[in-house]
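In UniProt numbering, the protein residues as written are 1 to 140.
First the structure, in the form of structure tokens, and then the observations on it.
In structure tokens form, the structure reads like this:
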């Protein structure tokens, strides 16, 4: 904790420089990154995440929750114009999260289907599995 405060006071970024540089150079147009640019990207990312965390925690507190959830982050982004540009990334995260839940449900239902004595018989479980399979095909 003291080390984090010391870094914050000295202005040194928390993120490893090599990792940030690797992420920046994922863009094919970027060949090299100056140390100043590396510092600015790291520091601005920290400040952005700090603001997002504070606003999300504030929403969670308003909702009388101790755990910040994706929904709290979504509300915080919607309320604050400074971080509103993050809404597209957040939408992708929500879609990804929902598709993972759906795939886990499908796996569970498929296990139950394997125990089904007559898998071709039309009953509720089999029809549910077919509809979930169709949805998962669209998600993947």
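The beta-carbon is built from N, C-alpha and C at its ideal position, and this holds for glycine as well.
Note that the structure is a prediction, hence the values are computed from the model and not measured.
Alpha carbon to alpha carbon, how far is residue j from residue i? Give it in angstroms, no decimals.
i: residue 79; j: residue 56; result: 10 Å
i: residue 97; j: residue 36; result: 35 Å
i: residue 14; j: residue 46; result: 7 Å
i: residue 19; j: residue 39; result: 12 Å
Determine the burial state of residue i: buried for a count of at least 16 other Cβ atoms within 10 Å of its Cβ, exposed for fewer.
i: residue 23; result: exposed
i: residue 88; result: exposed
i: residue 72; result: buried
Under DSSP, the alpha helix (DSSP H) around residue i begins and ends at which residues?
i: residue 85; result: Careful: residue 85 lies outside any alpha helix (DSSP H) and carries neither H nor E.
i: residue 44; result: 35-62
i: residue 22; result: 17-24
i: residue 77; result: 70-79
Using a threshold of 9 Å, state whether the C-beta atoms of residue i and residue j are closer than that.
i: residue 69; j: residue 76; result: no
i: residue 48; j: residue 95; result: no
i: residue 17; j: residue 42; result: yes
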